[in-house]
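Protein chains in written order, with the numbering used here: chain Z, 2 to 214; chain X, 111 to 227.
The beta carbon of each residue, even a glycine, is placed where N, CA and C say it ideally should be.
Note that the structure is predicted; figures quoted are calculated from it, not measured.
Working notes, beginning with the structure itself.
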């Protein structure tokens, strides 16, 4: 009887520590969909680049239109992914009775945005200098750093996704010219894999919870 | 004769165990022996500061209930109240004190030992 009380105490402490400092309603499905969008975007970009001999080296000028098109694709993919993540995560947060907009999510946003915005501005500066070759490593590495930075405030899987993105980014810095391939792998395949892991973890915890009830 | 030996040895091992548990229970802190106070401490241990409304949200208690538990923890010197002005509006934050951190850790250790014993 008393043993039970103390056990309850401990589990309540753990629960409150988690709930007050971590946002756990991130949706795995939104990760999978973000990966799918990225693969479709990479496919369109590939078709755009296919007929160009400048595929490997876009250093020569006169490619402003092409660069603009590629940027448009990247921005569309990012926007779609963000909107999907927002909608699905909101749905899950309501289901879990977790607050979507509180101290934890606010500080999550700050922790996520600082490396990401730094990388974004850095990338734009490089674009301005026509260093197209290292755009893929820069975006992958800074995105990975942003994920690792935010991971202590949310699910642990996010940390492993971040570390993987950093590794892929570093590799793509070695193989300059294959940026699109690494981009598709980092933003497409990795999102699908880790989103899938999160999705199945959600399902298994949901099952054990319903069994307990 | 035999029976009595068995029973005394049983008795002594039992009383040892009771002594042991009593020893652990000494470390169970009465100040934390309530759901709400335990909750307040848990939240403040992992967050630098928390506002009143944030605590209320997480714990799901009424204003008056929360205020009285905060007051009792403050009396023990386990939490600090930080009053400040943000954009000319009064804002109250709560944080755990050094003593509170130590006391809560002891309490947690005692809880864990009790469950293991």
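Annotation for residue 68 of chain Z: the continuous alpha helix (DSSP H) segment containing it runs 65–96. The beta-carbon of residue 95 of chain Z is placed no less than 8 Å from the nearest beta-carbon of chain X. Residue environment analysis places residue 184 of chain Z among the buried positions, since at least 16 neighbouring C-beta atoms fall within 10 angstroms of its C-beta.
Rounded to whole angstroms, the separation of the alpha carbons of residue 129 of chain Z and residue 149 of chain X is 53 Å.
Under the three-state reduction of DSSP output, residue 201 of chain X falls in the strand class.
In the DSSP assignment, residue 193 of chain X is bridged to X:202.
The DSSP-derived three-state label of residue 131 of chain Z is coil. Taking 7 Å as the Cβ-Cβ cut-off, the stretch 14–43 of chain Z approaches chain X at 14, 17, 18, 20, 21, 22, given in chain order. Judged by beta-carbon spacing, residue 197 of chain Z lies beyond the 8 Å limit of residue 43 of chain Z, meaning their Cβ atoms are not closer than that value. For residue 127 of chain Z, no Cβ of chain X is located within less than 8 Å of the residue's own Cβ. Interface criterion not met: the Cβ of residue 147 of chain X is under 8 Å from no Cβ in chain Z. When secondary structure is reduced to three states using DSSP, residue 161 of chain X falls in the strand class. Contacts between residue 100 of chain Z and chain X, judged by CB atoms closer than 8 Å, involve 167 in chain order. For residue 8 of chain Z, the C-beta contacts it makes with chain X under 8 Å involve 225, in order along the chain. In this structure, residue 200 of chain X keeps its C-beta atom at 8 Å or more from the C-beta atom of residue 211 of chain X. Proximity of residue 11 of chain Z to chain X, defined by a Cβ-Cβ separation below 8 Å, is satisfied. Interface flag for residue 197 of chain X against chain Z is unset, since no Cβ pair is found closer than 8 Å. Within chain Z, the residues placing a beta-carbon under 8 Å from that of residue 157 of chain X are 21, 22, 104, ordered along the chain. In the structure shown, residue 155 of chain Z falls within a coil segment according to DSSP collapsed to helix, strand and coil. Residue 221 of chain X reaches chain Z at 7, 10, 11, counting residues in chain order whose Cβ is nearer than 7 Å.
Non-local beta-carbon contacts of residue 89 of chain Z in its own chain, meaning distances under 7 Å to residues more than five positions away in sequence, involve 28, 30, 31 in chain order. Taking residue 143 of chain X as the centre and dropping the five residues before and after it, the same chain places no C-beta closer than 7 Å to its C-beta. One alpha carbon belongs to residue 179 of chain Z, the other to residue 173 of chain Z, and they sit about 7 Å apart. Inclusion of residue 171 of chain X and residue 21 of chain Z in the CB contact set at 8 Å is not warranted, their separation being larger than that value. By the Cβ-count criterion, residue 159 of chain Z is buried, with 16 or more other Cβ atoms from all chains shown falling within 10 Å of its own Cβ. A straight line joining the alpha-carbon of residue 72 of chain Z with that of residue 33 of chain Z spans about 22 Å.
Boundaries for residue 102 of chain Z: no alpha helix (DSSP H) harbours it, and the DSSP string shows neither H nor E there. For residue 167 of chain Z, the number of other beta carbons within 10 angstroms of its own is at least 16, and it is reported as buried.
Between residue 95 of chain Z and residue 74 of chain Z a beta carbon distance of about 32 Å is seen, past the 8 Å cut, so the two are scored as non-contacting.
When DSSP states are grouped into helix, strand and coil, residue 143 of chain X belongs to the coil group. In the structure shown, residue 24 of chain Z adopts coil according to DSSP, grouped into three states.
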